[in-house]
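A short worksheet on the structure shown next.
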Amino acid sequence: MAKQSLIFKDSKDSCSVINGFLNLHKPRGITAHDCISRVRKLLNQKKVGHSGTLDPMATGVLPIAIGNCTRLLRFLPEGKAYKATIRFGIITNTDDMEGEILTQKECPDLKLIDIERLLPLFQGTIQQRPPAFSAIQVNGVRLYDLARAGLPVEVPIRTVEVYKIEVLAWRSGSFPELDLMIACGSGTYIRAIARDLGELLKCGATLSGLERTFSNGFDLIDSKTFTEIAQIPETSEPSHGLISADAALQNLAMIELPIDAAKRWTQGQALSTNQYSRYISLDSNLSSASTSGNNYRRIYAQAQFLGVGEIHVDQLIPVVVLETQLLSQ
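Below you can see the structure in the form of structure tokens.
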């Protein structure tokens with residue numbers, strides 16, 4: 003596919019509007035919302051969003067969407083990975099070291115082998131009770147608002163997926179620490195894994211460090227700091243740190259439409275998969291990167307990325323149509 007410009011001039015605004023994704027390396031001590039505000043100011047942009055929140059104490063990958071890419075966040079590939087540090091012998095009200103310490107009990111005799119026997123219990127499809135201090139909403143109220151107000155919190159049990167847990171390092175002592183690599187699905191709380199592991203060992207545990215190394219197709223090795231983002235020039239191409247919409251959605255199979263069908267599709271019309279079977283195949287367009295059962299497709303015409311469509315029964319339905327040169331022809 004030909005490269006498409008990630009920046010265009012908005013006739014209603016004096017600034018250049020950026021459309022693309024950023025792989026932000028979130029620093030410790032600020033919220034995901036703080037990150038959005040900082041990116042807005044650094045790049046002088048209004049429409050900025052993110053995928054997958056991170057607690058203030060956490061660092062690492064925070065996918066950022068800018069401009070019309072904010073409409074594409076839900077189509078990013080799933081899956082996250084973390085490097086987590088768990089400290090044993092300490093229980094806090096937030097399940098991490100940012101909260102109030104409730105109990106401390108030295109456990110110098112704790113052995114790594116005792117922990118390794120329990121780790122399989124946290125892999126696969128598991129039931130998890132999220133921390134009371136979390137952004138989950140119950141009856142329209144976030145749990146952390148209830149917890150901060152000292153109100154009783156009934157935390158709903160959730161089903162989550164943990165694909166892999168690997169021991170990275172073990173440091174013995176009065177309050178031993180364990181480094182884990184955890185690959186998981188969306189909605190998994192690493193703080194809850196630390197807490198529950200401590201409960202099973204009857205010594206207590208809390209999360210003392212967290213770095214997200216992978217999220218929604220973005221890898222830590224390619225992430226950019228705020229300093230690097232501030233240096234993105236107005237003539238930016240992907241090599242300068244911006245990632246194009248279609249490059250971020252390689253998990254979706256692609257369809258190249260003829261120009262007449264593409265114009266109809268961008269105007270909101272559904273296309274018959276029978277009439278355009280030459281271009282819209284339910285099977286042959288599936289790439290190895292596509293998720294099984296995923297009916298969303300990247301739509302192109304004349305090498306331009308037009309947006310995302312969905313194959314439903316015998317129609318290709320427009321879901322997100324992006325502004326392109328094709329629409330002005």
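Our numbering puts the first residue of the sequence shown at 3, with every later residue one more than the last. Glycine included, C-beta positions come from ideal geometry on N, C-alpha and C.
Check whether residue i and residue j have beta carbons under 8 Å apart
i	j	result
L199	I313	no
A250	L324	no
N218	S53	yes
K226	L26	yes
L45	I234	yes
A185	R197	no
L209	F216	no
P133	S176	no
F135	G101	yes
G62	G187	no
L351	L244	Nothing can be reported for residue 351: it is not among the residues displayed for the chain, which extend from 3 to 331.
Selected residue, minimal CA-CA separation from residue i, among the options
i	options	result
Q129	A149, V143, S136 and V164	V164
L112	Q125, L180 and L104	L180
G311	T268, S279, I66 and N70	T268
F307	Q125, R30, L123 and A255	A255
R30	G211, Y281 and P260	G211
R131	R214, R119, E100 and R160	R160
K333	M99, E118, L114 and I92	No answer is possible for residue 333: it lies beyond the span of the chain, which begins at 3 and ends at 331.
T326	L244, D224, R42 and Q304	Q304
S174	G152, E258, I195 and D116	D116
K43	Y278, L202, T229 and R119	T229
K85	E118, I20 and L182	L182
S279	F90, P260 and K48	P260
D98	Y191, C71 and P158	Y191
G22	A67, R40, D36 and Q47	A67
Counted within 10 angstroms of its Cβ, other Cβ atoms place residue i as buried (16 or more) or exposed
i	result
R150	exposed
V50	buried
K204	exposed
R193	buried
N253	buried
T94	buried
A83	buried
K28	buried
P154	exposed
T127	exposed
P240	Note that P240 scores a pLDDT of 49, beneath 50, so its modelled location is shaky; the value from the coordinates is reported in the next line. By the 10 Å Cβ count, P240 comes out exposed.
P158	exposed
Contact set for residue i: own chain, Cβ-Cβ below 6 Å, skip 5 residues either direction
i	result
L121	I167
D285	Legend: pLDDT at D285 = 49, less than 50; position of this residue unreliable, no value from coordinates given.
R73	V322
I301	I257, L308, G309 and G311
A232	L44
Residues of its chain near residue i, where Cβ-Cβ distance is below 8 Å and the 5 sequence neighbours each way are ignored
i	result
E156	V140
Contacts around residue i, its chain only, beta-carbon distance under 7 Å, and the 5 residues preceding and following it disregarded
i	result
I319	A272, G311 and E312
I32	P58
Y146	F135, S136 and A137
Review point. Per the contact definition of three or more C-beta pairs closer than 8 Å, is the region 165-173 in contact with the region 55-73?
Key: no
Point to revise | Validate contact between the region 134-142 and the region 75-89 using beta carbons, cut 8 Å, 3 pairs | key: no
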